[in-house]
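Heads up, the sequence shown is in my numbering, so the first residue is 3 and it goes up one at a time. Below: the structure, in C-alpha cells.
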Amino acid sequence: MPIWIAFPGLPIHLHDKRALHLIASTIGTPLKVDSCTMNFSRPALARCCVEVDISNLPSARILINHGGEELIFPFH
C-alpha cells in the first residue's frame, strides 16, 4: 500500500531524491518525493511516498549512518 512518510527535522542536504529514496528504502519501496521537498519550499519537513506492507510496519524512527555518525530521525 502506498503511504506518504514525513521526515521532520531531516538535514536539508538530505532533501534530494537519491538520499530520500535511500532513507525511505529502510521503510519500504520508495515511489516518489513530493514537490515541496524537491524545490526546498518546506525545509523543516521532507516527504516521500513509499510502498509498504501494512501488516509489517516498522517503528516510527529510523537510524541513519551519515558520514560515520549515527543519526536517529522520527517519521510519521
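All residues carry an ideal CB built from backbone N, CA and C; glycine is no exception. These numbers were taken from a predicted model, which means no experiment stands behind them.
Legend entry - A48: first and last residue of the uninterrupted beta strand (DSSP E) it sits in: Looking at the DSSP string, the run of the beta strand (DSSP E) that includes A48 is L47 to E53.
Legend entry - Contact under 8 Å by Cβ, L47 with P13: Cβ distance not < 8 Å, so L47 and P13 don't count as in contact.
Legend entry - Residue from N58, C51 and N41 with nearest C-alpha to I25: I25 has its Cα closest to that of C51, out of N58, C51 and N41.
Inset, instruction - Could you check what DSSP says for L33 in three-state terms: helix, strand or coil? - result: Looking at L33 - three-state DSSP - the assignment turns out to be strand.
Inset, instruction - Express the C-alpha separation of N41 and I7 in angstroms, rounding to a whole number. - result: For I7 and N41, the distance between alpha carbons rounds to 17 Å.
Inset, instruction - Spell out whether any CB of chain C is found under 8 Å from the CB atom of T28. - result: Any reference to chain C falls outside this structure, which holds one protein chain only.
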